[in-house]
Amino acid sequence: MPLDLTAMFTMHDALRRELEHLARVDDDPRLVFRTAGWRRFKQAVWGHHCAEDEVLWPALRLRLTDQPGNLVVLEAMEAEHAAIGQLIATIDEAASGPQGCLVHLGDLIDSLVTGLKGHLAHEEEAVIPLLQQALTAGQWAAFEKVHSELTADTLSAPDGWSPAAMTGPRQRRDWTGSECLSNEENPEEGKQR
1 MPLDLTAMFT MHDALRRELE HLARVDDDPR LVFRTAGWRR FKQAVWGHHC AEDEVLWPAL
61 RLRLTDQPGN LVVLEAMEAE HAAIGQLIAT IDEAASGPQG CLVHLGDLID SLVTGLKGHL
121 AHEEEAVIPL LQQALTAGQW AAFEKVHSEL TADTLSAPDG WSPAAMTGPR QRRDWTGSEC
181 LSNEENPEEG KQR
């Protein structure tokens, strides 16, 4: 039976929407980084990646030991996580630095938007099939538990950083990873899976 990956896609979609807000930052970008929203965004990215690095990738490694090509994918995921984490730290440094640092802040934000969107797409394309192929329901449940613990505060934040509070048409995805029409676009599909 396929794994229900709703939590994974919910987080990915939430991060993409927040990246769209970051991509539109103008005026004094430092103001964005002083808000609870930026802190929660960073916590969401960190929690999501930490749960993957500590629970998901090791579980997949155990199941894919005879598939070196797929193990390379997991190494790429870890490298992308490290690069994104370093970029967020660099953005924080630039935002808290002297006025001259602002010159590069826009470029750093652009790099984060491009890098994290690319990583999410890469993960969905390369890792989702591996999850469905190799993980047991128990291994997935262990990941979801840790993921939930590490990201709970980010998803229920009072300042509006929440997948449920996001604007725009929401796309649901089914547990196989394929996109589905939103409830608004297809009333016949209105029931949650």
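In full-length UniProt numbering, the protein residues as written are 1 to 193. We treat Cβ as the ideally placed atom computed from N, Cα and C, and that holds for glycine. All figures in this text were calculated on a predicted structure; none of them were measured in a lab.
For G85, the enclosing alpha helix (DSSP H) stretches over residues 68-96. In this structure, DSSP gives M1 a state outside helix and strand, which the three-state scheme calls coil. One thing to note: L150 has its Cβ no nearer than 8 Å to the Cβ of L60. The C-alpha of E20 lies about 16 Å from the C-alpha of L105. For P2, the closest of D66, R16, P129, F143 by C-alpha to C-alpha distance is P129. The beta carbons of E80 and H147 sit about 17 Å from each other, so the pair does not count as a contact at 8 Å.
Contact between L87 and G115 holds: CB atoms are separated by about 6 Å, below the 8 Å threshold.
Taken atom to atom, the span from the alpha-carbon of L56 to that of S96 is near 34 Å. In the same chain as K42, and ignoring 5 residues on each side of it, the C-beta atoms closer than 6 Å to its own belong to I88, in chain order. In the structure shown, the three-state DSSP call for V45 is helix. If you check the CB distance, L22 and L112 come in under 8 Å. V127 carries a coil assignment under DSSP once its states are collapsed to helix, strand and coil.
Here T154 is buried. Its C-beta has 16 or more other C-beta atoms within 10 Å. With a contact defined as Cβ atoms closer than 8 Å, V127 and I84 miss out at about 15 Å. For E18, the closest C-alpha among the options R39, Q133, M77, E52 is that of R39. Taking the Cβ atoms as the reference, E93 lies roughly 32 Å from A7, outside the contact range of under 8 Å. Residues H81, I84, G85 of the same chain have their beta carbon placed closer than 8 Å to that of H49, with the five preceding and five following residues left out of the count.
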